[in-house]
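Note sheet for the following structure.
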Amino acid sequence: MLPGSTLFLAVCAQQDLWPSGAWPIVDAETARTVTELFALAAALGIREGGVCCRHAGATAAQPSDVVAPPHCLAGTAGAASAPGCIPASPVIVGEPGAASAPALDRAHAYYVASGCGAAVDADPVGHLVFDHLAAGVRDAVVFGAGVEYAIARTVDALLRRRVRTHVVLDAAAPADAAEAQRVIAQWKRRGVDGATAATIARLLERGAGP
-15 MLPGSTLFLA VCAQQDLWPS GAWPIVDAET ARTVTELFAL AAALGIREGG VCCRHAGATA
45 AQPSDVVAPP HCLAGTAGAA SAPGCIPASP VIVGEPGAAS APALDRAHAY YVASGCGAAV
105 DADPVGHLVF DHLAAGVRDA VVFGAGVEYA IARTVDALLR RRVRTHVVLD AAAPADAAEA
165 QRVIAQWKRR GVDGATAATI ARLLERGAGP
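My numbering applies: residue -15 is where the sequence shown begins, and numbers increase by one.
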């Protein structure tokens, strides 16, 4: 795995989903592993991007397939990035009320704002951003919160673009453990690699050379 052709995608690494947040599905150990992956990306110069959860307001209905308290409301502290989960030059696109995506380049880490229940590349902005992120990428490494929701939809978007996809299972938190295992079993049948953070780090450090 070569750092120059690898993309790290962090999914919903936000305060409301972290320990002590409004919907704390990420435990302390998983949160620590996620921050280690952010540090690895910074150390090896790996491109970053991802998906962030954004709900339009306190009265916004949650998607029917998510039983959860209101969380990640646009403009609140809970929607902000979790500690240690901020890449260099992040840009969030597709915020509620935003009309279009900005001009895209290779210097910024682009995050698609999405709800919990929709495909992350379903609208034109999300589609454009994922096309941009996937361009020239051989391996994508996915981690964060919501194995059976936003992470699953991020994996779908990558597979549609024929990107070899690795989900870091010890850095991926489920909302429902049983449903997450069903999703992981489907990934295996679709050729998605379920890896550990240590394995990803070892492969990338070997690819980086001396």
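Beta carbons: idealized from backbone N, C-alpha and C, even for Gly.
- A straight-line Cα-Cα distance of about 18 angstroms links LEU143 and MET(-15).
- In the three-state scheme derived from DSSP, where H, G and I count as helix and E and B as strand, ASP154 is classed as strand.
- Here the alpha carbons of LYS172 and ALA64 stand approximately 32 angstroms from one another.
- In the DSSP annotation of this structure, the continuous segment of the beta strand (DSSP E) that includes ALA179 starts and ends at 177 to 179.
- Taken atom to atom, the span from the alpha-carbon of ALA157 to that of PRO(-13) is near 25 angstroms.
- Look at PRO(-13) here: in three-state DSSP terms it is helix.
- In the three-state scheme derived from DSSP, where H, G and I count as helix and E and B as strand, GLU32 is classed as strand.
- THR138 is the residue among THR138, GLY120, ARG145, HIS39 whose C-alpha sits nearest the C-alpha of VAL151.
- A direct Cα-to-Cα measurement between GLU13 and GLY130 gives close to 16 angstroms.
- In this structure, DSSP gives HIS92 a state outside helix and strand, which the three-state scheme calls coil.
- Within the DSSP secondary-structure output, VAL77 pairs in a beta bridge with VAL96.
- Here ALA87 carries a coil assignment [DSSP, helix/strand/coil].
- The segment 7 to 24 and the segment 101 to 114 do not touch, with fewer than three beta-carbon pairs separated by less than 8 angstroms.
- When DSSP states are grouped into helix, strand and coil, ASP115 belongs to the helix group.
- For ASP105, the three-state secondary structure derived from DSSP is coil.
- The DSSP-derived three-state label of VAL131 is helix.
- Within a 10 Å sphere around the beta-carbon of GLY29 sit fewer than 16 other beta-carbons, which makes this residue exposed.
- Looking at the DSSP output, THR149 shares a beta bridge with ALA124.
- In the three-state scheme derived from DSSP, where H, G and I count as helix and E and B as strand, ALA58 is classed as coil.
- Under the three-state reduction of DSSP output, VAL10 falls in the coil class, being neither helix nor strand.
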